[in-house]
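And the structure:
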């Protein structure tokens, strides 16, 4: 497979637009199966790459400098703590709307809401930023937030070499998974992804990380190099394991892939009121160390922040990444705004690292471990969902005002 390096000439993003409204799903057209189907590969390899091929570093030497040392994570942490975030954001609010689906829909009367025995729910924030070279098509990431279930999907870009838009596959996978959850409830999240994989008629492949609430338990599955962490009292109490066949070659489900939902890593963790779930595609995990994610969440929730990102005049868009969804009605405006702010700040920092050709990053560290000389971040689609776990019956400050109503979330888009 081809080892991907970020472009040598990168630009800081002009704007990142975020939104808190849901949208109708876009139609997905059927494509012809390629003559050389995509094997297991990374975000931009050739679809004909062999699984047994060794990854080889790019000839581009702009990033092929001395590898990061053992202090890479601390170096990024120092830069993260001292640096400022210049990306502009805009937030809009709208009521949640239902998704229309072809061949996979039932009327709203048949949709199952949260279980009457469910004591926990999510307050969520979402940011989705397409790769600068893929922004015109909305990138290849997708996500959904619905009915106490969450999911992120990363379409494999190698299909582009044979004229296939991998973003269509990931977006359809998100739509089908979400629709199944609407009918069967969040506890059926794994079956939802299996169903979506079987019914998806688009051509392509994608990683997937999906979870749903089942009482106080978070259950789901992770296939590939997307993932999540659960933060409690300033520490990580749960983290998914990245699944790769070899460096930069993640597990993926889709056309002609040997990987299936069954080979994914199961997710099963008991949650508590006040926990934070940070979920993202590899655009987050390749650029931001987990310790820095924890630091940001702690600073934001403790009020120790440098101020919110500046607003811009850009209009919020629902065309990029995928369809959003609504959070549970137990989410207060304050909690929803905090969740959105965390997602925004994480996305801005991930973009900053991705555009730094000499800084420390998890991707550079992993490249070194695999025998490659690489420095800097990795430019990619970036999708982040931050979810605060709340118990409506709790009397702590974080649950105050839960009766204030629903908060809707939709995809956000930005131009790098």
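Residue numbers (full-length UniProt numbering): 1 to 416.
We treat Cβ as the ideally placed atom computed from N, Cα and C, and that holds for glycine.
Three-way DSSP call (helix, strand, coil) for residue 136 in this model: helix
DSSP bridge partner residues for residue 144 (one or two, in chain order): 151
Sufficient close CB pairs (3 or more, under 8 Å) joining the stretch 123-135 to the stretch 219-230: no
Own chain partners of residue 376 with C-beta closer than 7 Å, once the 5 adjacent residues on each side are dropped: 6, 63, 356, 357, 358, 359, 361, 364
Endpoints, the beta strand (DSSP E) within which residue 283 is located: Per DSSP, residue 283 belongs to no beta strand (DSSP E); it is in the alpha helix (DSSP H), 282-285.
Same chain, Cβ closer than 6 Å to residue 239, five either side skipped, listed in chain order: 229
Selected residue, minimal CA-CA separation from residue 286, among 384, 124, 295: 384
Cβ contact (3+ pairs, closer than 8 Å) linking the stretch 182-189 and the stretch 152-167: no
Nearest candidate by alpha-carbon position, reference residue 209, set 217, 332, 199, 243: 243
Whether residue 231 touches residue 276 by CB criterion (8 Å): yes
Identity of the residue in 145, 186, 237, 235 nearest residue 213 by Cα: 186
Check whether residue 207 and residue 252 have beta carbons under 8 Å apart: yes
First and last residue of the uninterrupted beta strand (DSSP E) at residue 266: 265-270
Residue 134 beta carbon near the ligand GDP (any heavy atom closer than 7 Å): What this structure holds is no ligand at all, so the ligand GDP is not there to describe.
Presumed contact (8 Å Cβ cut-off) between residue 346 and residue 284, rounded CB distance: 7 Å
Nearest-angstrom Cα separation, counted from residue 255 out to residue 262: 16 Å
Other residues of its chain near residue 166: CB distance less than 6 Å, five sequence neighbours each side excluded: 140, 155, 156, 157, 159, 204
Buried versus exposed call for residue 258 [16 or more other C-beta atoms within 10 Å across all chains shown]: exposed
Rounded straight-line distance, which links the Cα of residue 146 to that of residue 248: 30 Å
Range of the contiguous beta strand (DSSP E) that encloses residue 295: Residue 295 -> not in any beta strand (DSSP E); alpha helix (DSSP H) instead, spanning 290-302.
DSSP beta-bridge partners of residue 389: 122
Rounded C-alpha distance that separates residue 303 from residue 332: 18 Å
Rounded C-alpha distance that separates residue 191 from residue 344: 31 Å
Simplified DSSP state of residue 334, which is helix, strand or coil: helix
Closest by C-alpha distance to residue 144, when choosing among 171, 273, 299, 272: 171
Beta-bridge partners of residue 226, as assigned by DSSP: Answer is none; residue 226 lacks a bridge partner.
Coil, strand or helix - residue 259 by DSSP: coil
Bridge partners - residue 345, DSSP secondary structure assignment: Answer is none; residue 345 lacks a bridge partner.
Assigned exposure category for residue 371 - 16 Cβ within 10 Å defines buried: exposed
Residue 373 to residue 367 span [Cα, whole Å]: 7 Å
8 Å contact criterion, which residue 350 and residue 288 should meet: CB distance rounded: 5 Å
Whole-angstrom distance between residue 201 and residue 337, CA atom to CA atom: 37 Å
Unbroken beta strand (DSSP E) run spanning residue 251, endpoints: Unbroken run through residue 251: none, as it is neither H nor E.
From 269, 381, 278, residue whose alpha carbon lies closest to that of residue 136: 381
Presumed contact (8 Å Cβ cut-off) between residue 393 and residue 119, rounded CB distance: 7 Å
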